[in-house]
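> Structure in structure tokens, see below.
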Amino acid sequence: MTPADFAPEHFRWHFTEGVATITLDRPERKNPLTFASYAELRDTFRALVVMPEVRAVVLGGAGGNFCSGGDVHEIIGPLTRMAMPELLAFTRMTGDLVRAMRACPQPIVAAVDGVCAGAGAILAMASDIRLASPEARTAFLFTRVGLAGADMGACAILPRLIGHGRAADLLFSGRAMSAEEGLAWGFFTRLVDADKLADEADQLARTIASGPAFAHGMTKRQLDMEWNVSIDTALEMEAQAQAICMATNDFGRAYEAFADRRKPEFKGD
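So the sequence shown is residues 15 to 283, counted in our numbering.
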């Protein structure tokens, strides 16, 4: 399946010039997730592994909000009536969405506006780069509904982004992190006025898409793999990764363009 043919049921999809834009589109409910949309998002990010035409992804929400998390009536209610095997199947499926986001080679740019809560905060966290409007409010509010902050990798990934103490603050309290806090703590790369947020995210994704796709995929992979290794191991991993990138045609093109004093045209091979 090509990006142009892809037609998801539970969110909007737009593809142009190497950038796929995924827009959660239930604005009347602040874009909550359902069992079906969780699964379709997981399957979409898995499919991106075999969509080389897609070189970067933008993830956002419609109607001035990012995502309010799991739908109260379509997910939370049914979960209270499930037995343990069903509950574990659900939590493993939501974790698989994060795995798929981290495993797809394309960098993911999250455009966060308004409400970004629960699983929505996880979607932002699992992205590679996060832009936000000043109105963004990000809450890992699992404790507010009697659950652990240990959800969809939050206890592993969030401390690496903002530090252990700040992550503990958010995961124990369930309070909203303001956009300004998120920027100061390194969760967000920059703040952008809401009316310019989508354009800024798209422009950033286009810039990434114009770069060496194979090498970008290598960078993303190494950023994940090197969390749990020694510096010595990381140095060897990066030596091998960079040697592989040096064998690509994009590397040769970059040298030729530099020698000719022109901008390189990367093709991802």
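All C-beta atoms, glycine included, are put in the ideal place defined by N, C-alpha and C. Quick caveat: nothing in here was measured; it's all calculated off a predicted structure.
Buried or exposed: where does Arg95 fall if 16 or more other Cβ atoms within 10 Å of its Cβ makes it buried?
Under this definition Arg95 is an exposed residue.
> Of the choices Phe202, Ala76, Ala268 and Phe272, whose alpha-carbon is the least far from that of Thr37?
When only C-alpha atoms are compared, the closest one is Ala76.
> According to the Cβ coordinates, are Ala70 and Val33 closer than 7 angstroms?
Contact: yes.
> Going by the DSSP bridge assignment, what does Val63 pair with across the sheet?
Per DSSP, none; premise fails for Val63.
> If you check the beta carbons only, do Met115 and Phe186 fall under 7 angstroms apart?
It is not a contact, given that the beta carbons lie outside the stated cut-off.
> Would you mind giving the Cβ-Cβ distance between Pro17 and Glu67, rounded to the nearest angstrom? I have them listed as a contact below 8 angstroms.
Confirmed, Cβ separation roughly 5 angstroms.
> Would you report the Cα separation of Asp85 and Pro99, rounded to the nearest angstrom?
Computed Cα separation, rounded: 21 angstroms.
> What whole-angstrom Cβ distance do Ala125 and Ala153 have, given they're in contact under 8 angstroms?
That pair is no contact at about 18 angstroms.
> Among all the DSSP beta bridges, which residues are the ones paired with Ile222?
Answer is none; Ile222 lacks a bridge partner.
> Which same chain residues end up closer than 8 angstroms to Cys259 when comparing Cβ atoms and leaving out the 5 residues on each side of it in sequence?
Hits under 8 angstroms: Pro226, Phe228, Ala229, Met232 and Phe265.
> Quick check on Ala70: does DSSP put it in helix, strand or coil?
Here Ala70 sits in strand by DSSP.
> Let me know the secondary structure DSSP gives Gly109 once reduced to three states.
Gly109 falls in the helix class under three-state DSSP.
> In or out: Thr247 buried (at least 16 other Cβ within 10 Å) or exposed?
It is exposed - the Cβ of Thr247 has fewer than 16 other Cβ atoms within 10 Å.
> Would you check if the region 200 to 209 and the region 137 to 147 touch, i.e. whether three or more CB-CB distances between them fall below 8 angstroms?
In short, these stretches touch, since the Cβ pair count reaches three.
> Let me confirm a value: Pro92 is counted as buried when at least 16 other C-beta atoms fall within 10 Å, else exposed. Which label applies?
Exposed, since its Cβ has fewer than 16 Cβ neighbours within 10 Å.
> Whole angstroms is fine: what's the gap from Gly83's alpha carbon to Arg235's?
Computed Cα separation, rounded: 27 angstroms.
> Would you mind working out which of Ala193, Cys169 and Glu250 sits nearest Asp183, comparing C-alpha positions?
Nearest C-alpha to Asp183: Cys169.
> Taking just the CA atoms, how far does Asp165 sit from Leu172?
Between Leu172 and Asp165, the C-alpha separation is close to 11 angstroms.
> In or out: Ser141 buried (at least 16 other Cβ within 10 Å) or exposed?
When all chains shown are included, Ser141 counts as buried.
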